[in-house]
Amino acid sequence: MDSCSFSFTFGIWWLLAVTNHMIQSIEGRSPESPLQCNQTLCTLHNSYGKWGDRKDCYALNATYPTTEEELLAAVSFAVKNNLKAKVVTRFSHTIPKLACPADRAAQSSFFISTERYNRQIQIDAANSVVTVVAGVGLRQLIDAVEAAGFSLVASPYWEGVTIGGLISTGAHGSSWWGKGGAVHDHVVGLSIVVPASQSEGYAKILRMEAYDPLFKAAKLSLGVLGAISKVNLRIEPSFKRSITYNFTSDVGLEDLYGEHAKKYEFADITWYPSQHTAVYRYDSRVPLNTSGNAVFDFIGFQATSTLVSEAVRATETMFEKSKNMRGKCVTAEGTIAFKKATANGLKNNGIIFTGYPVIGHQNKMQTSGSCLTSSSILSSCAWDPRIKGLFFYESTAIFPASIFRNFILDVKKLRDQNPEYFCGVDNYNEQMMH
Ligand SMILES: Cc1cc2nc3c(=O)[nH]c(=O)nc-3n(C[C@H](O)[C@H](O)[C@H](O)COP(=O)(O)OP(=O)(O)OC[C@H]3O[C@@H](n4cnc5c(N)ncnc54)[C@H](O)[C@@H]3O)c2cc1C
Ligand SMILES: *[C@@H]1O[C@H](CO)[C@@H](O)[C@H](O)[C@H]1NC(C)=O
Ligand SMILES: *[C@@H]1O[C@H](CO)[C@@H](O)[C@H](O)[C@H]1NC(C)=O
Ligand SMILES: *[C@@H]1O[C@H](CO)[C@@H](O)[C@H](O)[C@H]1NC(C)=O
Ligand SMILES: *[C@@H]1O[C@H](CO)[C@@H](O)[C@H](O)[C@H]1NC(C)=O
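Numbering (mature numbering (1 follows the signal peptide of the UniProt record, and there is no 0)), first residue to last: -28 to -1, 1 to 406.
If you want it as structure tokens, here you go:
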């Protein structure tokens, strides 16, 4: 209830969007597993193919438990053999290098993957709680919950994550209402496998509920406390969402964000400083009988033709080499016009955008990632490391809401010195405020 988080991405993007729109019938191929092992070594990448420090991370061995007992045995094996272990997932969408066991030699490192620990989702309708094992993907969970007549209230915008990974890193959507937009604040219990003494068999399972003094630490442990095996999440009766994007001036943004967040349950704001444009997301819960069957298929997460991703990267490299800031401003302007025309990927009838408000079921309106599930070799997620596609820097900062105003004013001061400096940022997913 008391902070704003803010992320920004640098680069170019509209050419991709426009061209991609023209060849949208092309299906994409799913990302490769981030964990690759041969006879001698296992290598872990994140989904972008590079960690922030650009160095790979290694371990001699990896294991793929399928049950809680096997997960327990894996942790026990690591502890007994004095190995540095980290849980990895089938996505590895963490941007910092969290899932690397240590900066120590591969010889003493061990990966425990939850890729095959993904089969159980149990819904307790009487208590409005879903219990899910750590390797279950977010999309799989959202759809299972919705099929049982419930909705997850909070979830990230991106569906390529597991429950274990998203809880551990504090992943979030956007909301100041109720328990807020961070998924871990809706967790009511969890089980975590932790190291134990030799007499206990080197590992044990702790089952925790909200009153446990370690509960908050265990939820947000970035993988350092143990291996989360199960998560119990609060769910609510299904509902729909009504979304309108207002592409407007950024005048007064520093005074409007608080009011905006209070007024709309799932409000967010994207800001394009170079274009003096703020996009306010008016996003509210509406009753299930409101008509509308829309889908939010966020443009940045749609499958992109390999040719387009590579062309955008080449154009961007050219602008960088020639220090052509004007070029980046032209593409930024095009990007925003395109996003406005397509409502960022909102589709009233599931196919195209026909006008606001856009109304649909909660499971279709928050979280997306259609580039993950397509299957041709001609397209992929735009950043797929197998091609020379998009490559960008991404970062996040968290501010207390009370001083966020000062941050906006500081950015405006910088912008006013030379708006062109912000064109690079405004080409990508700009500056998002959740
Ligand atoms: C394109 C893209 C879009 C994104 N959008 C959003 C967004 O909208 N909102 C947001 O908040 N974040 C977003 N993120 C960040 C993402 O949500 C986090 O990086 C998330 O942690 C990734 O989950 P994962 O399942 O891939 O976990 P991984 O990246 O594999 O792991 C993350 C960390 O959690 C640990 N971990 C994983 N599973 C377990 C377990 N079972 N027990 C203990 N530790 C475990 C790992 O050791 C590691 O330290 C985005 C990332 C990308 C690449
Ligand atoms: C295993 O993978 C590593 C890292 O990619 C590589 O250096 C090594 O040559 C590979 N070994 C074999 C036997 O393929
Ligand atoms: C790899 O890990 C498994 C535990 O999952 C263990 O049984 C096996 O001996 C390990 N192999 C090596 C070479 O360390
Ligand atoms: C968009 O925001 C502007 C203020 O910047 C306001 O005047 C306008 O009415 C809003 N449009 C909609 C559709 O709410
Ligand atoms: C939706 O249902 C409520 C009662 O649950 C009713 O009052 C309302 O008129 C209905 N709205 C529509 C659009 O059908």
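The C-beta atom is built at its ideal place from N, Cα and C for all residues, glycine as well.
Quick check: Y129 and Q338, are their CB atoms within less than 9 Å of each other? Stepping through the sequence shown from its first residue, residue 129 is reached at position 157. Stepping through the sequence shown from its first residue, residue 338 is reached at position 366. For Y129 and Q338, yes; Cβs fall inside 9 Å.
When the distance is taken between beta carbons, is T35 closer than 9 Å to F83? The count along the sequence shown starts at 1 and reaches residue 83 at position 111. The count along the sequence shown starts at 1 and reaches residue 35 at position 63. Less than 9 Å divides the Cβ of F83 from the Cβ of T35.
Mind listing, in chain order, the continuous alpha helix (DSSP H) runs of no fewer than 4 residues lying wholly within the region 177 to 225? 187 to 191
Have a look at R88 and K235 and give me their C-alpha separation to the nearest angstrom. Counting from one through the sequence shown, the residue named residue 88 turns up at place 116. Counting from one through the sequence shown, the residue named residue 235 turns up at place 263. Straight-line Cα distance between these residues: approximately 42 Å.
Could you name the residues of the same chain whose beta carbon sits closer than 6 Å to that of K312, not counting the 5 residues immediately before and after it, in chain order? In the sequence shown, residue 312 corresponds to position 340, counting from 1. Only F219 meet the Cβ criterion.
Excluding five sequence neighbours on each side, which residues of the same chain lie with their C-beta closer than 7 Å to the C-beta of S342? The count along the sequence shown starts at 1 and reaches residue 342 at position 370. Once the five neighbours on either side are set aside, the close Cβ partners of S342 are D269, F273, Q274 and A275.
Hey, could you find the ends of the beta strand (DSSP E) V108 is sitting in? Taking the sequence shown and counting its residues from 1, one reaches residue 108 at position 136. V108 -> no beta strand (DSSP E), and no H or E assigned at all.
Is there contact between the region 171 to 180 and the region 252 to 267, where contact requires at least three CB pairs shorter than 8 Å? no
Cβ distance (whole Å) where S19 is taken to contact F63 below 8 Å: The residue given as residue 19 occupies position 47 in the sequence shown. The residue given as residue 63 occupies position 91 in the sequence shown. That pair is a contact at about 6 Å.
Tell me whether Y20 counts as near ligand 1, meaning its Cβ is closer than 8 Å to at least one heavy atom of that ligand. Residue mapping note: residue 20 aligns to position 48 of the sequence shown, counting from 1. Inclusion of Y20 in the 8 Å shell around ligand 1 follows from its C-beta lying nearer than that to a non-hydrogen atom of the ligand.
Residue of P3, H17 and Y174 minimising C-alpha distance to C9: On the sequence shown, residue 9 is found 37 positions in, with the first residue counted as 1. C9 has its Cα closest to that of H17, out of P3, H17 and Y174.
So, residue 410 versus D240, is the Cβ gap smaller than 9 Å? A query on residue 410 cannot be resolved here, the shown segment of the chain reaching from -28 to 406 and no further.
Complete runs of the beta strand (DSSP E) confined to the region 298 to 368 [at least 3 residues]: 330 to 333
Status (buried if at least 16 other CB within 10 Å, exposed otherwise) for N316: Residue mapping note: residue 316 aligns to position 344 of the sequence shown, counting from 1. When all chains shown are included, N316 counts as buried.
Suppose only complete runs of 3+ residues qualify. What are the beta strand (DSSP E) ranges in the region 225 to 307, listed by chain order? 240 to 244 and 249 to 258
Specify, as a first and last residue, the run of the alpha helix (DSSP H) that A50 falls within. The count along the sequence shown starts at 1 and reaches residue 50 at position 78. E40 to K52 is the extent of the alpha helix (DSSP H) around A50.
CB of V133 within 9 Å of CB of A143, strictly: Counting from 1 along the sequence shown, the entry for residue 133 is found at position 161. Counting from 1 along the sequence shown, the entry for residue 143 is found at position 171. Closer than 9 Å, so yes.
I'd like to confirm something about L344: is its beta-carbon nearer than 8 Å to some heavy atom of ligand 2, or not? Against the sequence shown, residue 344 aligns to sequence position 372. No, Cβ of L344 sits at least 8 Å from all heavy atoms of ligand 2.
Report the option in N321, R206 and L344 whose CA atom is closest to the CA atom of V101. Taking the first residue of the sequence shown as position 1, residue 101 is located at position 129. Selected option, being the one with the closest Cα: R206.
T326 Cβ short of 8 Å to ligand 5 heavy atom set: The residue labelled residue 326 in the question sits at position 354 within the sequence shown. No - ligand 5 has no heavy atom lying nearer than 8 Å to the Cβ of T326.
Nearest neighbour of H248, chosen from I324, V397, L43 and A126 [CA to CA]: Taking the first residue of the sequence shown as 1, we reach residue 248 at position 276. Of the listed residues, the one whose Cα sits closest to H248 is V397.
Chain-ordered list of residues that sit, by beta carbon, closer than 6 Å to a heavy atom of ligand 2: Result: N10, Q11, T12, L13 and T15.
Integer Cβ distance of V59 from G136, believed to fall under 8 Å: As a working mapping, residue 59 is identified with position 87 in the sequence shown. As a working mapping, residue 136 is identified with position 164 in the sequence shown. Sure, about 6 Å apart at Cβ, within 8 Å.
Using the C-alpha atoms, what's the distance from S169 back to I370? Indexing the sequence shown from 1 puts residue 370 at position 398. Indexing the sequence shown from 1 puts residue 169 at position 197. Near 38 Å, if we compare the C-alpha coordinates of S169 and I370.
Classify N99 as buried or exposed, calling it buried when 16 or more other Cβ atoms lie within 10 Å of its own Cβ. Stepping through the sequence shown from its first residue, residue 99 is reached at position 127. The residue in question, N99, is exposed, as its Cβ has fewer than 16 Cβ neighbours within 10 Å.
Who are the near neighbours of S281 in its chain, counting only those whose CB is closer than 7 Å to its CB and skipping five residues on each side? Here residue 281 corresponds to residue number 309 of the sequence shown, with the count starting at 1. Taken in chain order, the residues that qualify are L(-13), A354, I359, G361 and L362.
Identify, in the order they occur along the chain, each residue of the same chain with its Cβ nearer than 7 Å to the Cβ of V51, setting aside the five sequence neighbours on each side. Position 79 of the sequence shown holds residue 51. Cβ within range, chain order: P167, Y174 and A175.
Within 10 angstroms of its Cβ, does L194 collect 16 or more other Cβ (buried), or is it exposed? Position 222 of the sequence shown, counting from 1, holds the residue named residue 194. Under this definition L194 is an exposed residue.
Look at the alpha carbon of R387 and the alpha carbon of P245, and state the distance between them as a whole number of angstroms. Looking up residue 387 in the sequence shown gives position 415. Looking up residue 245 in the sequence shown gives position 273. Going from the Cα of R387 to the Cα of P245 covers about 7 Å.
So, L113 versus I93, is the Cβ gap smaller than 9 Å? Within the sequence shown, numbered from 1, the residue matching residue 113 stands at position 141. Within the sequence shown, numbered from 1, the residue matching residue 93 stands at position 121. Their beta carbons are under 9 Å apart, which means L113 touches I93 by this criterion.
Beta carbon of T220: closer than 8 Å to some heavy atom of ligand 4? Start at 1 with the first residue of the sequence shown, and residue 220 comes out as number 248. Flag set: Cβ of T220 near ligand 4.
With a 10 Å radius around its C-beta and 16 neighbouring C-beta atoms as the bar for buried, classify R285 as buried or exposed. Counting from 1 along the sequence shown, the entry for residue 285 is found at position 313. When all chains shown are included, R285 counts as buried.
Find out if the Cβ-Cβ distance for the pair N399, K300 is shorter than 9 Å. On the sequence shown, position 427 is the one that residue 399 refers to. On the sequence shown, position 328 is the one that residue 300 refers to. Against a cut-off of 9 Å, the Cβ pair of K300 and N399 comes out as a contact.
From the DSSP output, in three-state form, read off I84 for me. By one-based count along the sequence shown, residue 84 stands at place 112. In this structure, I84 counts as strand in the three-state DSSP scheme.
Between P391 and ligand 5, is there a pair consisting of the residue's CB and a ligand heavy atom that are separated by less than 8 Å? For the purposes of this step, residue 391 is identified with residue 419 of the sequence shown, where counting begins at 1. Outside the cutoff, so no.
Taking 9 Å as the cut-off, decide whether the C-beta atoms of I271 and F238 are in contact. For the purposes of this step, residue 271 is taken as residue 299 along the sequence shown, with counting starting at 1. For the purposes of this step, residue 238 is taken as residue 266 along the sequence shown, with counting starting at 1. Their beta carbons are not under 9 Å apart, which means I271 does not touch F238 by this criterion.
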